[in-house]
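In my numbering, the protein residues as written are 0 to 738. A virtual CB, placed ideally from N, CA and C, is assigned to each residue, including glycine. The structure displayed is predicted, hence computed values, not measured ones. Note sheet for the following structure.
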Ligand code: SF4
Ligand code: SF4
Ligand code: SF4
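Right, dumping it as structure tokens:
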């Protein structure tokens, strides 16, 4: 059933809004979806009131007022005017509460079914209201039910539920007494049964088709102390993204089915959307307000979907009038982001990297089942397409590094975390004990590394998960991860841990490695101490306290994934890294640190953000006109408490489909197939950004919010500052501000 729309005009005190509610209740009794709300011009007796009822077989999402009603009720004949009947469909029912006879309407309203009822006389006879104010709403509802061909029993049940049964006798009298004149000169509408309704119309009117209702007659004056203002506020997803992505921007563009715009928004802030859409720990999803309702929007999945499907149009780069020359050491995410920022600003950037191809840890450390190399190559290629030069295949020594500031205007150090934490226990030099990063390096670059037997991985971060899952694929019979804290404290991405478990990786928690036991020079076991968790440390995780309880976990190989840090011994003598800049003898050099070497954050998204920031600092230090990238302030982001969850239907987040565990452990092919489409974007609340949903307009009790030029305008001469529009806005698209 397409939506049936009913509008009611009355005056404050006549119970018009309740009448609309009764009509909705009757249709609800008949199994329909209903919606009803009022619209006041002044909350005082006698002031004009409008009320609306919608009826449909389907859930109703249209929140507009009713502009073209199928049926119209007028509770006070003095309100009757051409303006009041405006929009009523020809053949629609005009029900008028009046004592005037039908003959007095000869030549008037002939296009409509005219229904008349002397509701005041009936309500007075039944003593509904007071001596001075007769309330006609329940009586009129009886006439409406008859005029529309609805069953009287449905009205009786509705009155029962609404506690209005004492008014039913008056309704029945109106039901029996209503006079109806069929339309004249039109093909007559049959008395409309519940299912016979006019043609469907769009759910929500496009902005350009909006029509205003009549102006309320009562100005509210200037006694208000606050007025509503439309504005934009920072969405938490954008505030939480360390890379500085305009998350709400690309998600909302996708929700509007504008994939091209979504891709352009992403390309504007990150060189590595396809990479982050696969391997980012997604702090944006931690910040997402929908997390507090029914699960965060799958932002990472959407980022990947856009990167893989959107047509990325790279911005045209204009050469700077006096381009500067920048050397970037390291072709990982920080170096690539710095290079992109500098090249886009029209400068010359050259990336130095010891590997044969750019990508850094993305190429050497992250296995292909998480990040296919075509994706990395595609995104590296887009950076190079900006004119970035490379010098690959040889690591610079200290001397070469020391000479760079003389050859370039500025240098950016993006060398990552090169120092690998080992274990200074007995047996550390036994064959079969190796750094996990080196193992991954072999797997990723040589592709031929094999490992066998029972492999123990020590650590609980993403490198540990990569080692464990790669070991399975490289021939290990079984793999056990031993971690010194509990499962909840593991820093690895939760999905990675879950996928590792599904593939058969075993975990032992609260075990700290002390050393290794061997036989014939080869490792045969790891000595582990049981751990108890103490007070929280600086990272907020509970500190592991090693106990005297020991055991040996037998194994054939051990991969160490105990952490990494910056290797500053690679710096030339006298260079000192302080707050992201290199100093020599207390004097700052034009050498800036980017990413992990400076921050130690250890994620791709942090590295991208810091690479952009370092490039900005370097340009600013050379006196260039730049707006350095600054991470948005999370503290000012729209909190979940400002989102009206009750305006949104619950829906579970859409997740990526995965290859089956049995099939995936046999190859290094990508495990995740990604999202099938971009529909997940529709779950986004659009926190802090108005979506033109009309809710404020509909809920304004004064009816003085209007659409204007694809935006909204509040007529402040009628605004009483009640703030209902602001309270009802589902997403904080407006706010009350002091007058
Ligand atoms: S880079 Fe990471 S944090 Fe930023 S939007 Fe993408 S998934 Fe979220
Ligand atoms: S609901 Fe949308 S706008 Fe709000 S935080 Fe989540 S992704 Fe961002
Ligand atoms: S209620 Fe809707 S139209 Fe009004 S400000 Fe909020 S989002 Fe925008």
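- When 525, 606, 655 and 529 are compared, the shortest CA-CA separation from residue 430 is found for 525.
- Residue 282 and residue 631 have their C-alpha atoms spaced approximately 13 Å apart.
- Under DSSP, the beta-bridge partners assigned to residue 347 are 324.
- Counted as a single uninterrupted DSSP element, the alpha helix (DSSP H) harbouring residue 249 occupies residues 246–254.
- Placement of the Cβ of residue 261 at a distance of 7 Å or more from every heavy atom of ligand 1 is found.
- Taking C-beta atoms under 8 Å as the contact rule, residue 62 and residue 33 fail to qualify, at a distance of about 14 Å.
- Between the alpha carbons of residue 592 and residue 326 lies a distance of about 12 Å.
- According to the DSSP assignment, residue 483 belongs to no beta strand (DSSP E), since it is labelled neither H nor E.
- Rounded to the nearest angstrom, the Cβ distance from residue 15 to residue 74 is 6 Å, consistent with a contact under 8 Å.
- Distance from the Cα of residue 417 is smallest, within the candidate group 3, 531, 394 and 165, for 394.
- A residue is called buried once 16 or more other Cβ atoms fall within 10 Å of its Cβ, and residue 346 is buried on that count.
- At least one heavy atom of ligand 3 falls within 7 Å of the beta-carbon of residue 689.
- About 15 Å separates the beta carbons of residue 674 and residue 658, which is beyond the 8 Å limit, so they are not a contact pair.
- For residue 51, there is no enclosing alpha helix (DSSP H); the residue is found in the beta strand (DSSP E) stretching over 47–55.
- For ligand 2, residues qualifying as neighbours are 234, 235, 236, 246, 247, 250, 287, 288, 289, 296, 298, 683, 684, 685 and 686, where qualification means a beta carbon closer than 6 Å to at least one of its heavy atoms (chain order).
- Three or more Cβ pairs drawn from the stretch 605–625 and the stretch 332–348 lie within less than 8 Å of each other, which places the two stretches in contact.
- When 123, 664, 546 and 641 are compared, the shortest CA-CA separation from residue 727 is found for 641.
- Counting the other CB atoms within 10 Å of its CB gives residue 264 a total of 16 or more, which places it among the buried residues.
- If one requires a minimum length of 3 residues, the beta strand (DSSP E) runs lying completely within the stretch 517–580 are 521–535, 541–553, 556–559 and 574–577, in chain order.
- For a cut-off of 8 Å, the C-beta gap from residue 226 to residue 717 is around 11 Å, too long to register as a contact.
- Taking 8 Å as the cut-off, the Cβ atoms of residue 295 and residue 652 count as close.
- Note on residue 291: under 16 other CB atoms within 10 angstroms of its CB, so exposed under the neighbour-count rule.
- Annotation for residue 388: no alpha helix (DSSP H) segment contains it, though the beta strand (DSSP E) segment containing it runs 388–391.
- A Cβ-Cβ distance of about 4 Å is found for the pair residue 410 and residue 590, placing them in contact under the 8 Å criterion.
- For residue 282, the CB falls within less than 7 Å of some heavy atom of ligand 1.
- The alpha-carbon of residue 247 is positioned some 7 Å away from that of residue 234.
- The alpha carbon of residue 403 has as its nearest neighbour, out of 445, 427, 721 and 328, the alpha carbon of 328.
- Per DSSP, reduced to three states, the secondary structure at residue 38 is strand.
- In the displayed model, residue 126 falls within coil according to three-state DSSP, outside both helix and strand.
- With 16 or more other Cβ atoms inside 10 Å of its own Cβ, residue 725 counts as buried.
- In summary, residue 125 is buried, with 16 or more beta-carbon neighbours lying within 10 Å of its beta-carbon over all protein chains present.
- Distances between the C-beta of residue 675 and the heavy atoms of ligand 1 are all 7 Å or more.
- Within its own chain, the residues whose Cβ lies closer than 8 Å to the Cβ of residue 349, once the five positions on either side in sequence are excluded, are 324, 325, 326, 327, 387, 388, 389, 390 and 407, listed in chain order.
- Setting aside the 5 residues that flank it on each side, residue 420 is surrounded in the same chain by 561 and 562, each with a C-beta closer than 6 Å to its C-beta; the list follows chain order.
- Here residue 162 is exposed. Its C-beta has fewer than 16 other C-beta atoms within 10 Å.
- Just measuring C-alpha positions, the residue of 288, 608 and 119 sitting nearest residue 644 is 288.
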